[in-house]
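Enquirer: Quick one: this structure, given as structure tokens, is what I'll be asking you about.
See the structure below:
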């Protein structure tokens, strides 16, 4: 059934008939309206009770295995007086200990390995900016399974083997390169491992090989749009791009819309973290209404980050993930620090794996300015709501909690009038203040004045801690 | 048309920017006939009257600079006390705000360069008073 065009809720015979009917329709646009693409339809549309049974079984296996093989978890279980046999229902996941980023650093380099080292075939590390990174091992099965989840995710957004997939993420220790690469290859795309090369080279590849899909950091996508504009390239005519997958940096709906407008293509939000394979943990489907988390591979909990208590579906809190299929390095109840909420309603696409809302922030990124909690995304949302605003910005906090937002102006945002710029500045100050309760200083800058990050964009510079 | 076209450039307010912009213009063989620079915090706006407008715009845009074209009025006034006052009074009475104004005397001719939102209306008011509004060519020949 793989990769075929089949609508989900119908009986098999009906599916075949509908498919023939759909295939007979000449217009591809009409076809797209009536069909939904699946990579692994069976797994993606499991009935909830079946899916939950599968989760429980995999959870029990995972707990059993780490209790036998990982001293870190064995000790934690002992402390809690917990034995693997105590996990009798899915709700018992809450009896398991949390694993934090600090834990992963403490057991660096290979303290959580659950297989012989010979069984591990791949090492990635998380993009930790301070101290030791977190080392994550993959067995051969893990590599294949990660690719499988990417394949589901890409096909869910309409990618087929006909696509030319330019992966503009960094290849190396960062999972955004290789893990995505393997998945796109699995779908059968022509994959171009462009990496984070110069914009000139990206464009050349894009034009010479008629790239139809890219995997790109949202901050770089905005920058690249500016680059094309300056080159006088019209993305709607001069390149063949139809889909962009953006991830690895939290970003807002406004940023998605800007990228979509700039390139004239569909943009899908991709979620992942190195600790859970990298990309492919959760992805948007064609409806772009929240990210489907592959629940046969992960258990999703939303907790109150302060108390650790489970929150009811729909409430906003910290996402906690337990890996269910990772072989080399299973991780129980990982504190992602990402803030989101579960969307309980079933999705129109027919997948039964629940969605969560766009990440509104990482508890790590949260700024406390004059006693107020601020997420950079709140500021981004305000900035991007101004058409005069360009594509790069940075928030600087210094001195006695003074917040300065340095923001580049769009090429069309300058009409030669200093007064208009001053008025714009005032409006921005007011809107940010209304959103965050902190009055910022706004520095308007010409396009290109701010440095462009090599990898993930650094949106906040907090000089107070220096 | 008796309006004068200026080039406005948006730049970061930091040392070396004026040198950078004017070098681009010099290299393009563009002569600057008149200039003002206004700073506001993080940024500055340079306004130029140049002899070759299109090559100047191209030279700046090629380097990724943010450029905009601006229409202003150049009014010739008597080189004596009260001239600016008279112009300001005329516009003020018609509720026209002077956004920017600068003046100079060249070859015994006193010229005011004024920026207003209501360009057409301001021009009509000044011309009605018998004031001469310079064309682009006249400005360049001063």
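Residue numbers (the numbering used here), protein chains in the order written: chain A, 1 to 466; chain B, 1001 to 1142. Ideal Cβ placement from N, Cα and C applies to all residues, glycine included. Computed from a predicted model, the values in this text were never measured in an experiment.
#1: So, for residue 373(A): in the same chain, excluding its five sequence neighbours on each side, which residues have a beta-carbon less than 6 Å away from its beta-carbon?
#2: Out of 395(A), 160(A), 385(A), point me to the one whose CA is closest to residue 183(A)'s CA.
#3: Run through DSSP, which three-state label would residue 31(A) get?
#4: Please report the distance separating the alpha-carbon of residue 368(A) from that of residue 1060(B).
#5: Given residue 346(A), which residues of its chain have a CB within under 8 Å of its CB, disregarding the five upstream and five downstream residues?
#6: Between residue 32(A) and the rest of its own chain, which residues show a CB-CB distance below 7 Å, the 5 nearest in sequence each way excluded?
#7: I need the boundaries of the beta strand (DSSP E) containing residue 459(A), first residue and last residue.
#8: Kindly provide the ranges of any alpha helix (DSSP H) runs that are 4 or more residues long and lie completely inside the stretch 59-147 of chain A, ordered along the chain.
#9: Can you check whether the C-beta of residue 406(A) is within less than 9 Å of a C-beta belonging to chain B?
#10: If you follow the beta strand (DSSP E) that residue 1036(B) is part of, which residue opens it and which one closes it?
#11: Provide the residue span of the beta strand (DSSP E) that contains residue 1066(B), from first to last.
#12: What did DSSP end up calling residue 438(A) once you bin it into helix, strand or coil?
#13: If I'm right that residue 97(A) touches residue 333(A) with Cβ under 8 Å, what's the distance once you round it to whole angstroms?
#14: Using three-state DSSP, classify residue 1056(B) as helix, strand or coil.
#15: Please classify residue 46(A): does DSSP put it in a helix, a strand, or coil?
#16: Could you check what DSSP says for residue 1110(B) in three-state terms: helix, strand or coil?
#17: Let me make sure I understand the geometry here. Which of 272(A), 192(A), 329(A), 179(A) has the alpha-carbon closest to that of residue 109(A)?
#18: Using a cut-off of 9 Å between C-beta atoms, extract the partners of residue 1099(B) located in chain A.
#19: Please list, in chain order, all residues of the same chain as residue 266(A) whose beta carbon is under 6 Å from its beta carbon, the five residues on each side excluded.
#20: What is the DSSP secondary structure of residue 1013(B), counted as helix, strand or coil?
#21: What would DSSP say about residue 318(A), mapped onto helix, strand or coil?
#22: Quick one: complete alpha helix (DSSP H) runs, 4+ long, within the stretch 157-215 of chain A?
#23: Taking 9 Å as the CB-CB limit, is residue 328(A) close to chain E?
#24: Identify the continuous beta strand (DSSP E) that holds residue 402(A) and give its terminal residues.
#25: Whole-angstrom Cβ separation of residue 196(A) and residue 377(A), contact assumed at under 8 Å?
#26: In or out: residue 468(A) buried (at least 16 other Cβ within 10 Å) or exposed?
#27: Classify residue 348(A): buried if its beta carbon has 16 or more other beta carbons within 10 angstroms, exposed otherwise.
#28: Taking only three categories from DSSP, how would you classify residue 325(A)?
#29: Could you tell me the distance, in whole angstroms, from the CA atom of residue 66(A) to the CA atom of residue 85(A)?
#30: Between 237(A), 271(A), 331(A), which lies nearest to residue 339(A) when the distance is taken from Cα to Cα?
#31: Please confirm whether residue 341(A) and residue 302(A) have their CB atoms less than 9 Å apart.
#32: If you measure between the beta carbons of residue 1077(B) and residue 1124(B), is that distance less than 9 Å?
#33: Report yes or no: is there a C-beta of chain A within less than 9 Å of the C-beta of residue 1070(B)?
#34: Which residues does DSSP list as the beta-bridge partners of residue 266(A)?
#35: What residues of chain A sit near residue 1065(B), judged by a beta carbon separation below 8 Å?
#36: Helix, strand or coil: how does DSSP classify residue 22(A) here?
Expert: So, from the data block:
#1: Excluding the 5 residues flanking it on each side, residue 373(A) has same chain C-beta neighbours closer than 6 Å at 366, in chain order.
#2: Measuring from the Cα of residue 183(A), the nearest candidate turns out to be 160(A).
#3: Because residue 31(A) carries a pLDDT of 46, less than 50, the predicted location of this residue cannot be relied on, and the following value inherits that uncertainty. Helix.
#4: Straight-line Cα distance between these residues: approximately 41 Å.
#5: Cβ-Cβ distances below 8 Å link residue 346(A) to 352 in the same chain, with the five nearest sequence neighbours on each side left out; the list follows chain order.
#6: For residue 32(A), the pLDDT reaches just 49, beneath the cut-off of 50, and the residue's location in the model is therefore unreliable, although a value from the coordinates is still provided. Around residue 32(A): no qualifying Cβ.
#7: Careful: residue 459(A) lies outside any beta strand (DSSP E) and carries neither H nor E.
#8: Segments of the alpha helix (DSSP H) lying fully in the stretch 59-147 of chain A: 71-80, 101-106.
#9: Residue contact check for residue 406(A) against chain B: a CB pair falls below 9 Å.
#10: Counting along the chain, the beta strand (DSSP E) containing residue 1036(B) begins and ends at 1032-1040.
#11: Start and end: 1066-1077.
#12: In the structure shown, residue 438(A) adopts coil according to DSSP, grouped into three states.
#13: The beta-carbon separation of residue 97(A) and residue 333(A), rounded to 7 Å, stays under the 8 Å limit for a contact.
#14: Correct three-state label for residue 1056(B): helix.
#15: Of the three classes helix, strand and coil, the one that applies to residue 46(A) here is coil, per DSSP.
#16: The answer is strand: DSSP assigns residue 1110(B) an E or B state.
#17: The shortest C-alpha separation from residue 109(A) is found at 329(A).
#18: Under the 9 Å cutoff, chain A gives 417, 418, 419.
#19: Exclusion of the five residues before and after residue 266(A) leaves 243 as the residues of its chain whose Cβ lies within less than 6 Å of its Cβ.
#20: In the three-state reduction of the DSSP assignment, residue 1013(B) falls in the coil class.
#21: Correct three-state label for residue 318(A): strand.
#22: Fully enclosed alpha helix (DSSP H) runs of 4 or longer: 175-187, 199-208.
#23: No chain E is part of this structure, whose protein chains are labelled A and B.
#24: Residue 402(A) -> beta strand (DSSP E) spans 402-409.
#25: Contact check for residue 196(A) and residue 377(A): beta-carbon distance about 23 Å, past the 8 Å limit, so the pair fails to qualify.
#26: The first residue shown for chain A is 1 and the last is 466, placing residue 468(A) beyond what the model contains.
#27: With fewer than 16 other Cβ atoms within 10 Å, it is exposed.
#28: Of the three classes helix, strand and coil, the one that applies to residue 325(A) here is coil, per DSSP.
#29: Going by the C-alpha atoms only, they are around 13 Å apart.
#30: The residue among 237(A), 271(A), 331(A) with its C-alpha nearest the C-alpha of residue 339(A) is 271(A).
#31: Yes, the pair counts as a contact, with Cβ atoms nearer than the cut-off.
#32: Cβ distance not < 9 Å, so residue 1077(B) and residue 1124(B) don't count as in contact.
#33: Interface residue, yes.
#34: Residue 266(A) pairs with 243(A).
#35: Ordered by position in chain A, the residues that pass the 8 Å Cβ test against residue 1065(B) are 446.
#36: Note on residue 22(A): pLDDT 47, under 50, position unreliable in the model; the coordinate value appears next. It is helical.
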